[in-house]
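Working notes, structure below.
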Amino acid sequence: MKIKQATFITSAASPSQFVRSEKPIIAVVGKSNVGKSSFINAVAGQNKLARTSDSPGRTKLINYFDFGAFILADLPGYGYAKVSKAEKEKWGRTMDAFFADKSNVDYVISLLDIRHEPTKDDVLMVNYLHLQAYSYFFVGTKADKISRMNLNVRKKEICKFLKVTEDKLIPFSSVTKSGKDEVFAKLEEIVFAVNEIKGVKS
Ligand SMILES: Nc1nc2c(ncn2[C@@H]2O[C@H](COP(=O)(O)OP(=O)(O)OP(=O)(O)O)[C@@H](O)[C@H]2O)c(=O)[nH]1
Ligand SMILES: [Mg+2]
Numbered sequence: 003m004k005i006k007q008a009t010f011i012t013s014a015a016s017p018s019q020f021v022r023s024e025k026p027i028i029a030v031v032g033k034s035n036v037g038k039s040s041f042i043n044a045v046a047g048q049n050k051l052a053r054t055s056d057s058p059g060r061t062k063l064i065n066y067f068d069f070g071a072f073i074l075a076d077l078p079g080y081g082y083a084k085v086s087k088a089e090k091e092k093w094g095r096t097m098d099a100f101f102a103d104k105s106n107v108d109y110v111i112s113l114l115d116i117r118h119e120p121t122k123d124d125v126l127m128v129n130y131l132h133l134q135a136y137s138y139f140f141v142g143t144k145a146d147k148i149s150r151m152n153l154n155v156r157k158k159e160i161c162k163f164l165k166v167t168e169d170k171l172i173p174f175s176s177v178t179k180s181g182k183d184e185v186f187a188k189l190e191e192i193v194f195a196v197n198e199i200k201g202v203k204s
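Going left to right, the sequence shown walks through residues 3 to 204 as the numbering used here numbers them.
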């Protein structure tokens, strides 16, 4: 799959602003600072499409990006300890509203830090996706920070921990772009499948 040019569509702060489209809408979820915005930029082949930050909790709105054949939705990160209770509740309401209606989202890419055991919040997110019967795959971010040998070990451990098969997790680095081909192949599959379901020609 070739991405010609990805463009920013809009930011949504509330359900009335959620984007509806005939194109597949793929949500990117994960804890704060895991690398969601960096992942989106790497897929786009652009540095500054989605705003990234060293300080967690940067992306507070749902930011939508048009990739031509599909739309990526950059969701606000979870599990950031320094966020106030009120903000956490607002986050929960936005997420619930987003995932409650299947016209908001066709597929989910769930990002995990490949270096660490999934957090409690990661597990909650995965359970939530199961419960809501969403299709998803995992991207293990920051793969450049560990050795190749360790990468396979971590991949096995994370999949075992989450009780998923290993084909569900793609190790990825936004720095070296390793894993990009696998991600593109997966995106191609998703776009084809969702278009078949939505009855749109791909
Ligand atoms: N080494 C390395 N650093 C990464 C990678 N992906 C992201 N980072 C760094 O991790 C930090 C957070 O990245 P973001 O893409 O802003 O993370 P996010 O998940 O969008 O964070 P929030 O919007 O706060 O939820 C930044 O300093 C990135 O440069 C990666 O693959 N490798
Ligand atoms: Mg972000």
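Positions of the beta carbon are idealized from the N, C-alpha and C atoms, including for glycine.
Should Asp-76 be listed as close to ligand 2, given that the test is whether its C-beta is under 7 Å from any heavy atom?
-> Within the sequence shown, numbered from 1, the residue matching residue 76 stands at position 74. Yes; taking the cut-off as 7 Å, the Cβ of Asp-76 has a heavy atom of ligand 2 nearer than that.
Nearest to Val-177 by alpha carbon, out of Lys-162, Lys-144, Lys-158?
-> As a working note, residue 177 is residue 175 in the sequence shown. Checking every option, the nearest Cα to that of Val-177 belongs to Lys-144.
Note down the Cα distance separating Ser-39 from Val-45, rounded to an integer number of angstroms.
-> Taking the sequence shown and counting its residues from 1, one reaches residue 39 at position 37. Taking the sequence shown and counting its residues from 1, one reaches residue 45 at position 43. Those two C-alpha atoms are separated by around 10 Å.
Per DSSP, which residues does Lys-162 bridge with? Please list them.
-> Start at 1 with the first residue of the sequence shown, and residue 162 comes out as number 160. DSSP output for Lys-162 lists no bridge partner at all.
Look up Asn-65 in the DSSP assignment and give the residues it is bridged to.
-> For this step, residue 65 is matched to residue 63 along the sequence shown. Answer is Ser-13, Asp-76.
Out of Tyr-82, Asn-65, Lys-50, point me to the one whose CA is closest to Ser-34's CA.
-> Here the question's residue 34 lines up with position 32 in the sequence shown. That would be Tyr-82, whose Cα lies nearest to the Cα of Ser-34.
Under 8 Å by Cβ, that's how I've got Ser-112 and Met-127 pegged, so tell me the actual separation to the nearest angstrom.
-> The residue given as residue 112 occupies position 110 in the sequence shown. The residue given as residue 127 occupies position 125 in the sequence shown. Ser-112 to Met-127, Cβ: 6 Å. Contact.
Residue(s) in a DSSP beta bridge with Thr-143 = As a working mapping, residue 143 is identified with position 141 in the sequence shown. Thr-143 pairs with Asp-115.
Is Ile-28 near Tyr-109, with beta carbons less than 8 Å apart?
-> Residue mapping note: residue 28 aligns to position 26 of the sequence shown, counting from 1. Residue mapping note: residue 109 aligns to position 107 of the sequence shown, counting from 1. Yes, Cβ-Cβ distance for Ile-28 and Tyr-109 is below 8 Å.
Return yes when the C-beta of Lys-144 is under 7 Å from any heavy atom of ligand 1, and no when it is not.
-> Residue mapping note: residue 144 aligns to position 142 of the sequence shown, counting from 1. Yes, the Cβ of Lys-144 comes within 7 Å of a heavy atom of ligand 1.
With a threshold of 16 other CB atoms inside 10 Å of the CB of Arg-156, please say whether the residue is buried or exposed.
-> Within the sequence shown, numbered from 1, the residue matching residue 156 stands at position 154. So Arg-156 counts as buried.
Could you have a look at Lys-33 and say whether DSSP puts it in helix, strand or coil?
-> What you label residue 33 is simply residue 31 of the sequence shown in a count that begins at 1. It is a strand residue.
Thinking C-beta only, is Lys-162 closer than 8 Å to Arg-117?
-> Within the sequence shown, numbered from 1, the residue matching residue 117 stands at position 115. Within the sequence shown, numbered from 1, the residue matching residue 162 stands at position 160. Cβ atoms of Arg-117 and Lys-162: not closer than 8 Å.
Mind checking whether the beta-carbon of Asp-56 lies closer than 7 Å to any heavy atom of ligand 1?
-> On the sequence shown, residue 56 is found 54 positions in, with the first residue counted as 1. Yes, the beta carbon of Asp-56 sits closer than 7 Å to at least one heavy atom of ligand 1.
Name the DSSP bridge partner or partners of Tyr-138?
-> Mapped onto the sequence shown, residue 138 falls at position 136. Answer by DSSP bridge pairing, in chain order: Val-110.
For Ile-172, which residues does DSSP report across the bridge?
-> As a working mapping, residue 172 is identified with position 170 in the sequence shown. According to DSSP, which records beta bridges pairwise, Ile-172 is partnered with Val-141.
Any non-hydrogen atom of ligand 2 closer than 7 Å to Lys-38 Cβ | Taking the sequence shown and counting its residues from 1, one reaches residue 38 at position 36. Taking 7 Å as the cut-off, one finds at least one heavy atom of ligand 2 near enough to the beta carbon of Lys-38.
Cα-Cα separation, Leu-114 to Ser-175 | One-based indexing of the sequence shown puts residue 114 at position 112. One-based indexing of the sequence shown puts residue 175 at position 173. If I take the Cα positions, the gap works out to 12 Å.
Could you please give me the residues that DSSP links to Ile-148 through a beta bridge?
-> Counted from its first residue, the sequence shown places residue 148 at position 146. Ile-148 is not bridged to any residue.
Pair within 8 Å by beta-carbon distance, Met-3 and Glu-168 = For the purposes of this step, residue 3 is taken as the residue at position 1 of the sequence shown. For the purposes of this step, residue 168 is taken as the residue at position 166 of the sequence shown. No, the Cβ-Cβ distance between Met-3 and Glu-168 is not below 8 Å.
C-alpha gap between Val-141 and Leu-171, whole angstroms | On the sequence shown, residue 141 is found 139 positions in, with the first residue counted as 1. On the sequence shown, residue 171 is found 169 positions in, with the first residue counted as 1. Approximately 6 Å, taken between the alpha carbons.
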